[in-house]
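2 protein chains.
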Amino acid sequence: MADGEEVGNTQVIFRGYVSGFPNESDLYLANSRISLKVPEGSKAVVVKNLYLSCDPYMRLRMSCDANYFQPFKPGSVMTGNGVAKVMDSGHPSFSKGDLVWGITRWEEYTLVTATESLFEIPDTDVPLSYYIGILGVPGLTAYVGFYELCTPKKGEYVYVSSASGAVGQLVGQFAKLLGCYVVGSAGTKEKVDLLKNKFGFDEAFNYKEEQDLATCLKRYFPEGIDIYFENVGGAMLDAVLPNMRVHGRIAACGMISQYNLDKPEGIYNLMNVINKQIKMQGFITPSYFHLYPKFLETILPHIKEGKVAYVEDVAEGLQNAPPALIGLFSGHNVGKQVIQVAME
Amino acid sequence: MADGEEVGNTQVIFRGYVSGFPNESDLYLANSRISLKVPEGSKAVVVKNLYLSCDPYMRLRMSCDANYFQPFKPGSVMTGNGVAKVMDSGHPSFSKGDLVWGITRWEEYTLVTATESLFEIPDTDVPLSYYIGILGVPGLTAYVGFYELCTPKKGEYVYVSSASGAVGQLVGQFAKLLGCYVVGSAGTKEKVDLLKNKFGFDEAFNYKEEQDLATCLKRYFPEGIDIYFENVGGAMLDAVLPNMRVHGRIAACGMISQYNLDKPEGIYNLMNVINKQIKMQGFITPSYFHLYPKFLETILPHIKEGKVAYVEDVAEGLQNAPPALIGLFSGHNVGKQVIQVAME
Numbered sequence: 001m002a003d004g005e006e007v008g009n010t011q012v013i014f015r016g017y018v019s020g021f022p023n024e025s026d027l028y029l030a031n032s033r034i035s036l037k038v039p040e041g042s043k044a045v046v047v048k049n050l051y052l053s054c055d056p057y058m059r060l061r062m063s064c065d066a067n068y069f070q071p072f073k074p075g076s077v078m079t080g081n082g083v084a085k086v087m088d089s090g091h092p093s094f095s096k097g098d099l100v101w102g103i104t105r106w107e108e109y110t111l112v113t114a115t116e117s118l119f120e121i122p123d124t125d126v127p128l129s130y131y132i133g134i135l136g137v138p139g140l141t142a143y144v145g146f147y148e149l150c151t152p153k154k155g156e157y158v159y160v161s162s163a164s165g166a167v168g169q170l171v172g173q174f175a176k177l178l179g180c181y182v183v184g185s186a187g188t189k190e191k192v193d194l195l196k197n198k199f200g201f202d203e204a205f206n207y208k209e210e211q212d213l214a215t216c217l218k219r220y221f222p223e224g225i226d227i228y229f230e231n232v233g234g235a236m237l238d239a240v241l242p243n244m245r246v247h248g249r250i251a252a253c254g255m256i257s258q259y260n261l262d263k264p265e266g267i268y269n270l271m272n273v274i275n276k277q278i279k280m281q282g283f284i285t286p287s288y289f290h291l292y293p294k295f296l297e298t299i300l301p302h303i304k305e306g307k308v309a310y311v312e313d314v315a316e317g318l319q320n321a322p323p324a325l326i327g328l329f330s331g332h333n334v335g336k337q338v339i340q341v342a343m344e
Numbered sequence: 001m002a003d004g005e006e007v008g009n010t011q012v013i014f015r016g017y018v019s020g021f022p023n024e025s026d027l028y029l030a031n032s033r034i035s036l037k038v039p040e041g042s043k044a045v046v047v048k049n050l051y052l053s054c055d056p057y058m059r060l061r062m063s064c065d066a067n068y069f070q071p072f073k074p075g076s077v078m079t080g081n082g083v084a085k086v087m088d089s090g091h092p093s094f095s096k097g098d099l100v101w102g103i104t105r106w107e108e109y110t111l112v113t114a115t116e117s118l119f120e121i122p123d124t125d126v127p128l129s130y131y132i133g134i135l136g137v138p139g140l141t142a143y144v145g146f147y148e149l150c151t152p153k154k155g156e157y158v159y160v161s162s163a164s165g166a167v168g169q170l171v172g173q174f175a176k177l178l179g180c181y182v183v184g185s186a187g188t189k190e191k192v193d194l195l196k197n198k199f200g201f202d203e204a205f206n207y208k209e210e211q212d213l214a215t216c217l218k219r220y221f222p223e224g225i226d227i228y229f230e231n232v233g234g235a236m237l238d239a240v241l242p243n244m245r246v247h248g249r250i251a252a253c254g255m256i257s258q259y260n261l262d263k264p265e266g267i268y269n270l271m272n273v274i275n276k277q278i279k280m281q282g283f284i285t286p287s288y289f290h291l292y293p294k295f296l297e298t299i300l301p302h303i304k305e306g307k308v309a310y311v312e313d314v315a316e317g318l319q320n321a322p323p324a325l326i327g328l329f330s331g332h333n334v335g336k337q338v339i340q341v342a343m344e
């Protein structure tokens, strides 16, 4: 096929706003066509998408009130983070063949006009999919939330919910590298085993098997929790609060348990924030992109030296994108959920 | 009367643990006797109590589960902050005639053994009662919460609940001195007038007259709230959260609306902590006593130059201590509630 020729382009379309639990049918596949050349005089790039990221926050964008995020547009192609290869470039910073990560669309090929959201991949000695996971936004999320916001100290007690997910698995390993005592929770035996045997958490438990989360946390943290990395919200947060220690810190980057509820659950134990002098800090990772180079310097050696493990759940092909995304909300994924669109 | 002679000592006794709304009958007056000399060889001091402080947190100490604070002891004399005059001292740091503030008891005279909780009054050019208010723990609370924890900037939007109270009135004035836009809420027209006319708040409203607090706050803060000084909790906090701005800060030192409830109200809008990247910091003022000298340096000139106003509600005599304390929880007090036990 000659450069510039139009080719078929399978796309994943967002059907329309969702309330309650999303279904695979809220997304559908469509066929389109795209030119592999950027339009004459444009500073855009055309990329071939290799990997796409499924992230919990995407559920928020599926609602018409997306809670600060921009809602997906009904009838339009889904967007999110991906790893891609440049097919053609009108932009001086990118050349054909470059590998990039950043904001792309859920389709085979994308014409990216917002090139400021694309970053060159600096190191290809690691699997490319890492750049939408441990080396991408989830990795930076773990780094910022743990190191920057929680000012952790050796020997502190750290609790991570949704601990086998893209962010949680790394938070736990950062905490262990620093010499903290780390407990994680997840929703299946397989995940609990991963936490203990693969990621080196000191303890892990299946929250679905616990009758009373506050009592359970008391059992794992008889001395209380210094740092809670909040991925879950709702009843879990309410159980954590009375178990926090004085001067505890909570980094909050997600509350996945609340995303499918029409009305969020009530939190009743906030008086602990005062009594225990707790700092609760919400954050959105893009506000910390300036720390990305520092983060890469920290994490790349850890990965190459085998000091940090990473587990991905790879769905193959765009046709598996809808179940992959929806599966996040019932915890089907084991590790970071990605979609492999094409081989490099 | 000769030094060392026993004298009559009226006391306010805590009857027993309270659930729900406290009543005046939860306290009662009793007569006792006390020697005005410290026991031979003791390092204690005997003080004559002049002013006693009524503070919202005392409600927590009236419950058997005092939520981090130490519960009052049923059948024992109430304790709290006061201003007093030393009658006799076995401690090298204190002499007869010294004026002090710190932890004392609700009675005419107190034998203080925990002298580390007594501080000499450094400046008597201001009314002595100020040392349990604007120059004491409430003043330091306003200073720490606003300046240290909220890192305020000129031009920011500041909301203060319970704004005419001991802490709130000062927070609002600090914010005005810095050039912030400040709105306060209180529960009567008289208090709202005080906020606007005495303390110089830009706007003030009676929260009891508002059907929908979130809508009301939206009206006063069309651009949102940068800093919320949290004295109230519950429905007020829930209404504030969606009105916060990105990178907003909440200093939380009290949740008076929740103290008389058997089960606290639910907070439903915590997702805003993430989306708006809010920092919520709980604190207990004694953790910041090291800042007291710095605070005094800041506040004393403001008071002497008339740049900061201060309103107290003075109940006269120990017989009026029970209604003064209980009145806090229905907002009877206008300004800082103190009990004058004796003239100097």
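Residue numbers (the UniProt record's numbering), protein chains in the order written: chain A, 1 to 344; chain B, 1 to 344. In this text, a Cβ means the ideal position worked out from N, Cα and C, and glycines have one as well.
Compute the beta-carbon to beta-carbon distance between G80(B) and D98(B), rounded to the nearest angstrom, for a pair I have assumed lies under 8 angstroms. Numbered from its first residue, the second sequence carries residue 80(B) at position 80. Numbered from its first residue, the second sequence carries residue 98(B) at position 98. Actually they are not in contact, since the Cβ atoms of G80(B) and D98(B) sit about 20 angstroms apart, beyond 8 angstroms.
Could you check where the beta strand (DSSP E) with A315(B) kicks off and where it finishes? Here residue 315(B) is taken as the residue at index 315 of the second sequence, counted from 1. E312 to E316 is the span of the beta strand (DSSP E), which, as asked, contains A315(B).
Measuring CB atoms only, is the region 71–85 of chain B touching the region 118–133 of chain B, in the sense that at least three cross pairs come out at less than 8 angstroms? yes
Closer than 9 angstroms to chain B by CB, N260(A): Reading the first sequence from its first residue, position 260 is the one you call residue 260(A). Not one chain B Cβ lies under 9 angstroms of N260(A).
Going along the chain, which residues of its own chain have a beta-carbon closer than 7 angstroms to the beta-carbon of D238(B), five neighbours each way excluded? The residue labelled residue 238(B) in the question sits at position 238 within the second sequence. Exclusion of the five residues before and after D238(B) leaves I267, Y268 and N269 as the residues of its chain whose Cβ lies within less than 7 angstroms of its Cβ.
Could you tell me whether the Cβ of residue 346(A) comes closer than 9 angstroms to any Cβ of chain B? Any question about residue 346(A) goes unanswered here, given that chain A covers just 1 to 344.
Would you say E305(A) lies against chain B (beta-carbon separation less than 9 angstroms)? As a first step, residue 305(A) must be located in the first sequence, where it is residue number 305. Chain B, which has no Cβ nearer than 9 angstroms to the Cβ of E305(A), makes this no.
Shorter than 9 angstroms from the beta carbon of C64(B) to some beta carbon of chain A? In the second sequence, residue 64(B) corresponds to position 64, counting from 1. Not an interface residue.
Reference D88(B); option with closest CA among V273(B), G172(B) and T115(B): Taking the first residue of the second sequence as 1, we reach residue 88(B) at position 88. Out of V273(B), G172(B) and T115(B), T115(B) has the C-alpha closest to the C-alpha of D88(B).
Determine whether the Cβ of N243(A) lies closer than 9 angstroms to any Cβ atom of chain B. Counting from 1 along the first sequence, the entry for residue 243(A) is found at position 243. With 9 angstroms as the cut-off, N243(A) does not count as an interface residue toward chain B.
Nearest to N231(B) (by Cα), restricted to the options I278(B), S164(B) and V77(B): Residue numbering aside, residue 231(B) sits at position 231 when the second sequence is read from its first letter. Looking at the Cα atoms, S164(B) is the closest of the given residues.
Alpha-carbon spacing of Y28(A) relative to V12(A), whole angstroms: Along the first sequence, read from residue 1 onward, the residue named residue 28(A) stands at position 28. Along the first sequence, read from residue 1 onward, the residue named residue 12(A) stands at position 12. Rounded to whole angstroms, Y28(A) to V12(A) spans 6 angstroms at the Cα level.
Backbone CA spacing between S162(B) and S185(B) [nearest angstrom]: The residue labelled residue 162(B) in the question sits at position 162 within the second sequence. The residue labelled residue 185(B) in the question sits at position 185 within the second sequence. Between S162(B) and S185(B), the C-alpha separation is close to 6 angstroms.
Return yes when the Cβ of A166(B) is within less than 9 angstroms of the Cβ of F146(B), no when it is not. Walking along the second sequence from the start, residue 146(B) turns up at place 146. Walking along the second sequence from the start, residue 166(B) turns up at place 166. Not closer than 9 angstroms, so no.
Identify whether A324(B) lies in helix, strand or coil by the three-state DSSP scheme. Working through the second sequence from its first residue, we reach residue 324(B) at position 324. In the three-state DSSP reduction, A324(B) falls in the helix class (H, G or I).
Excluding the 5 residues preceding and the 5 following V46(B) in the sequence, name in chain order all residues of the same chain whose CB lies nearer than 8 angstroms to its CB. The sequence position of residue 46(B) within the second sequence is 46, counting from 1. For V46(B), where only same-chain residues beyond five positions count, the Cβ hits under 8 angstroms are I34, S35, L36, K37, V38, V86, M87, D88, S89, Y109, T110, L111 and V112.
Which full runs of the alpha helix (DSSP H) of 4+ residues lie inside the region 222–281 of chain A, going along the chain? 234–240 and 271–275
Is the Cβ of N269(B) closer than 9 angstroms to any Cβ of chain A? Position 269 of the second sequence holds residue 269(B). Yes, contact with chain A.
Tell me whether K191(B) is buried or exposed, calling it buried when 16 or more other Cβ atoms sit within 10 Å of its Cβ. Here residue 191(B) corresponds to residue number 191 of the second sequence, with the count starting at 1. With 16 or more other Cβ atoms within 10 Å, it is buried.
DSSP on A186(B), reduced to helix/strand/coil? Counted from its first residue, the second sequence places residue 186(B) at position 186. Reduced to three states, the DSSP call for A186(B) is strand.
Short check: CB of V183(B) to CB of Y207(B), under 9 angstroms? The sequence position of residue 183(B) within the second sequence is 183, counting from 1. The sequence position of residue 207(B) within the second sequence is 207, counting from 1. Their beta carbons are not under 9 angstroms apart, which means V183(B) does not touch Y207(B) by this criterion.
Same chain, Cβ closer than 8 angstroms to S63(A), five either side skipped, listed in chain order: For the purposes of this step, residue 63(A) is identified with residue 63 of the first sequence, where counting begins at 1. So the qualifying residues of the chain are Y17, V18, S19 and P71.
Secondary structure of M105(B), DSSP reduced to three states: Position 105 of the second sequence holds residue 105(B). Sequence inspection shows Arg at residue 105(B); the Met mentioned does not correspond to that position. Residue state, collapsed to three classes: strand.
Mark N23(A) as exposed unless 16 or more other C-beta atoms lie within 10 angstroms of its C-beta, in which case mark it buried. Here residue 23(A) is taken as the residue at index 23 of the first sequence, counted from 1. When all chains shown are included, N23(A) counts as exposed.
Per-residue burial, D226(B) [other beta carbons within 10 Å of its own, 16 or more giving buried]: Along the second sequence, read from residue 1 onward, the residue named residue 226(B) stands at position 226. By the 10 Å Cβ count, D226(B) comes out buried.
Going by DSSP in three states, residue 346(B) sits in which element: helix, strand or coil? No answer is possible for residue 346(B): the residues shown for chain B start at 1 and end at 344.
How about C54(A): is its C-beta nearer than 9 angstroms to some C-beta of chain B? For the purposes of this step, residue 54(A) is taken as the residue at position 54 of the first sequence. By this cut-off, C54(A) is not an interface position.
Closest Cα partner of G102(B) within the set Y51(B), D26(B) and G327(B): What you label residue 102(B) is simply residue 102 of the second sequence in a count that begins at 1. The shortest C-alpha separation from G102(B) is found at Y51(B).
Evaluate S76(B) with the Cβ neighbour count: other Cβ atoms within 10 Å of its Cβ, from every protein chain shown; 16 or more gives buried, anything less gives exposed. One-based indexing of the second sequence puts residue 76(B) at position 76. S76(B) should be labelled exposed.
Kindly indicate which residue of G317(A), A342(A), L318(A) and D313(A) has the alpha-carbon position closest to the one of L328(A). Against the first sequence, residue 328(A) aligns to sequence position 328. Per the Cα distances, D313(A).
For the candidate residues Y181(A), G200(A), V171(A) and S257(A), whose alpha-carbon lies nearest to that of F223(A)? As a working mapping, residue 223(A) is identified with position 223 in the first sequence. The sequence shown places Glu at residue 223(A), not Phe. Among Y181(A), G200(A), V171(A) and S257(A), the Cα nearest to that of E223(A) is on Y181(A).
When you compare the CB of A252(A) with every CB in chain B, is at least one pair closer than 9 angstroms? Working through the first sequence from its first residue, we reach residue 252(A) at position 252. Answer yes: the Cβ-Cβ gap between A252(A) and chain B drops below 9 angstroms somewhere.
Status (buried if at least 16 other CB within 10 Å, exposed otherwise) for Q258(B): Here residue 258(B) corresponds to residue number 258 of the second sequence, with the count starting at 1. Classification of Q258(B): buried, given that the 10 Å Cβ count is 16 or more.
Decide if A30(B) is buried, meaning its Cβ has at least 16 other Cβ atoms within 10 Å, or exposed. One-based indexing of the second sequence puts residue 30(B) at position 30. It counts as exposed.
Check whether the Cβ of L140(B) lies closer than 9 angstroms to any Cβ atom in chain A. Taking the second sequence and counting its residues from 1, one reaches residue 140(B) at position 140. L140(B) does not count as touching chain A.
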